[in-house]
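Residues are numbered in my numbering as their position in the sequence shown, beginning at 1, plus a constant of 43. The beta-carbon is built from N, C-alpha and C at its ideal position, and this holds for glycine as well. In this text the structure is predicted, and so the values were computed from the model without any measurement.
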Amino acid sequence: MKRLFLIFMFLLSAGTVPAAAEAENPVLFFQGKMRQGEMLFGFVTPGAELRVNGEKITPRKDGWFAFGIGRDETGTLTFSAEKDGQKTVRTYPVSPRKWDIQRVDGLPQNTVTPSAQEEKRIIEEAVLTQKARQKKADMPLPLCFSMPVQGRISGVFGSQRIMNGTPGNIHSALDIANKEGTKITAPADGIVLLVHEDMFLSGKTVLIGHGQDVVSSYIHMSKIAVKEGQKIKKGQEIGRIGMTGRATGPHLHWGVSWKNKRIDPQAFLKNSEKFCPPAPKKAARKAPKPPKKRS
Ligand SMILES: [Zn+2]
């Protein structure tokens, strides 16, 4: 926190320097690790053109942006920021991570090896969510995110799943298990991009946009408490934990993505925490009461 404060002070002071005859190199700053499955928040001098490995990213007008690194990305990331003929270029290697293998048994066999009809439905529903992810939500960044529900972590991001003995997809979210009906709340402000009452694999599904292509998803719910297009505030109810769609027990499958990349929600929370207001200091404990005298 202290280091972040210093960076902010630096950014503030940089902004007050009177315009010199020579243009200065754009400021480029990140919060987060250059590691597989991470999502970083960044700041660039407003108005600078930002590129990552040549591909353009459009930051907010105030200079903030988000940037995600896929689970299987390797090599280096070169960020360049250009303004008034001045350029700042930084290159970082992407740190690899080790991923778990998780066995999931007892799933209805048709959800692991679906029929042609079911396969068609899965694809159509994937297109729906893909389209919803592309909807723009203009929210201020960076946001302070919190866990959407309390419970036991029953599945982590990135694990290779063996379903009923067959190698399945990579698990691209965080599973949080708790009793059916446990309240799920918005981890940050956002706009509801998609509400679906019955997806073949995901069951009751909600997607929320948080701006700069950051989207969070809520799957297998027993009840949905929001409507498509609704603006929601951090802490507001999204729905309840359930086991609709392909699930062996009640849990929330919580996904976070940037553009079409799936991000590790746990790593994301850690980066985002830095932007949360400091927790209020705990009130001093009251002095213990003197024991009652026996009469
Ligand atoms: Zn899951």
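In the structure shown, Asn221 falls within a coil segment according to DSSP collapsed to helix, strand and coil.
Residue environment for Asp218: buried (at least 16 other C-beta atoms within 10 angstroms of its C-beta). When distances are taken from the beta-carbon of Ala322 to the heavy atoms of ligand 1, even the shortest one reaches 6 Å or more.
Under the DSSP assignment, Thr119 falls in the beta strand (DSSP E) whose first and last residues are Thr119 to Lys126. Partner residues in the beta bridge of Ala109, as assigned by DSSP, are Phe84. In chain order, the residues that have a beta carbon nearer than 6 Å to some heavy atom of ligand 1 are Gly198, His214, Ala216, Asp218 and His296. Annotation for Phe188: Pro230, Ala231, Leu312 and Ser315 place their beta carbon closer than 6 Å to its own, counting only its chain and skipping 5 residues before and after. C-alpha of Thr291 to C-alpha of Thr154: approximately 11 Å in a straight line. Judged by DSSP secondary structure, Gln74 falls within the beta strand (DSSP E) whose first and last residues are Leu71 to Gln74. The beta carbon of Phe73 sits closer than 6 Å to the beta carbons of Leu83 and Gly85 from its chain, once the five residues preceding and following it are set aside; these are given in chain order. DSSP, reduced to helix, strand and coil, places Ser315 within a helical segment of the structure shown. Here His253 really is in contact with Leu186; their C-beta atoms are around 6 Å apart, less than 8 Å. For Thr209, DSSP records a beta bridge to Met206. According to the DSSP secondary-structure assignment, Thr228 is paired through a beta bridge with Glu280. Where Glu161 is concerned, the enclosing alpha helix (DSSP H) starts and stops at Ala159 to Gln177. Its Cα nearest to that of Gly233, the residue Val299 stands out among Pro139, Val299 and Asn68.
DSSP places Gln152 in the uninterrupted alpha helix (DSSP H) bounded by Gln152 to Val155. Just so you know, the alpha carbons of Ile165 and Phe243 end up roughly 6 Å apart.
If only complete runs of 4 or more residues are kept, the region 231-304 shows no alpha helix (DSSP H) anywhere.
Excluding its 5 nearest sequence neighbours in each direction, Glu168 has C-beta neighbours in its own chain below 8 Å: His239, Met242, Phe243, Leu244 and Ser245, listed in chain order. Nearest C-alpha to Lys274 among Lys247, Arg204, Asp181 and Val132: Asp181. Per DSSP, the continuous beta strand (DSSP E) segment holding Val132 begins and ends at Gln129 to Pro136.
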